[in-house]
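J.: The sequence shown begins at 1199 in my numbering and counts up by one.
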Amino acid sequence: QDLAACATETDLDRRSRGLVDRFGPMPAEVDALVYSLRVRLLAAAADALAVESERGAGLVVRLPLDHGLDLRSVARQFRDVTATPSQLHLSTAREWREALLALLRELGRLVRARDRGAASVR
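1. Do Q1285 and L1267 have their C-beta atoms within less than 8 Å of each other?
2. What is the C-beta distance between L1305 and A1230, in whole angstroms, given that I count them as a contact (C-beta under 8 Å)?
3. Which runs of the alpha helix (DSSP H), 4 residues or longer, sit entirely within the segment 1224 to 1254?
4. Cα separation between V1281 and T1206?
5. Taking DSSP as the reference, what is the three-state secondary structure of R1292?
6. Could you give the distance in angstroms between the alpha-carbon of V1228 and the alpha-carbon of R1238?
7. Whose C-beta lies closer than 8 Å to the C-beta of E1155 among residues of the same chain, with five residues either side of it excluded?
Take a look at the structure:
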């Protein structure tokens, strides 16, 4: 419950370290839970509508149609990522877990920059 209540990735890291300090190394199931919570937090910060599996073809990050980001430019920064107007597709043929986190972090950074720019125009 403590982990699920985390509002930021920093908070999740702090609470995860606290569990390791108290109980020792986390079992694989807890690591998987922490990873899924991290994806959820980063996806929310990136304004993603969903992060879903594509039936063996990889993962897709779905964004609103009016996201205002250059997804093709984002895709060029990452190996095994392609873009459509409102989606980023990540191949899972290679190690993808860290790539997904990096992709979501970059999207979050761009969303924050976009929002700061929109706020300064007002």
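Beta carbons: idealized from backbone N, C-alpha and C, even for Gly.
T.: Taking the coordinates as given:
1. Here residue 1285 refers to the residue found at position 87 when the sequence shown is read from its first residue. Here residue 1267 refers to the residue found at position 69 when the sequence shown is read from its first residue. No.
2. Translated into positions along the sequence shown, residue 1305 becomes position 107. Translated into positions along the sequence shown, residue 1230 becomes position 32. 22 Å between Cβ atoms; not a contact.
3. 1226 to 1243
4. Residue 1281 sits at position 83 when you count from the first residue of the sequence shown. Residue 1206 sits at position 8 when you count from the first residue of the sequence shown. For clarity, residue 1281 is Ala in the given sequence; the question names Val instead. Roughly 27 Å separates the two Cα atoms.
5. Within the sequence shown, numbered from 1, the residue matching residue 1292 stands at position 94. Residue state, collapsed to three classes: coil.
6. As a first step, residue 1228 must be located in the sequence shown, where it is residue number 30. As a first step, residue 1238 must be located in the sequence shown, where it is residue number 40. Rounded to whole angstroms, V1228 to R1238 spans 15 Å at the Cα level.
7. Because the chain in this structure spans residues 1199 to 1320, residue 1155 falls outside the shown range and cannot be described.
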